[in-house]
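The sequence shown runs 441 to 503 under our numbering. The beta carbon of each residue, even a glycine, is placed where N, CA and C say it ideally should be. Have a look at the structure below, then the notes.
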Amino acid sequence: MDHDRVRQAQALRVKALMCRRWADTARDSEGAARLAAMASAYEGQADAFEQEATTPGCKQRGR
């Protein structure tokens, strides 16, 4: 398991959560939609990092 990728995924999930919270308090629907799209993109990136980190045979980088 690549712990760096897992940490990156966790950081992206935090960013996604923040975007979703900001979307809930956005003053206009366009801003809310933009923030929701950013949150979805962060979630997708986090999923990819987690999948890459847990893939059997994945080489650990840096060590």
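By the three-class DSSP mapping on this structure, what secondary structure does residue i have?
i      : result
Asp442 : coil
Ala451 : helix
Ala466 : coil
Leaving out five residues on either side along the sequence, give the residues of the same chain with a beta carbon under 8 Å from the beta carbon of residue i.
i      : result
Val446 : Phe489, Glu490, Ala493
Between which two residues does the alpha helix (DSSP H) carrying residue i extend?
i      : result
Arg474 : 469 to 494
Expressed to the nearest angstrom, what Euclidean distance is found between the alpha-carbon atoms of residue i and residue j?
i      : j      : result
Thr495 : Arg460 : 29 Å
Met478 : Arg453 : 11 Å
Excluding the 5 residues preceding and the 5 following residue i in the sequence, name in chain order all residues of the same chain whose CB lies nearer than 7 Å to its CB.
i      : result
His443 : none
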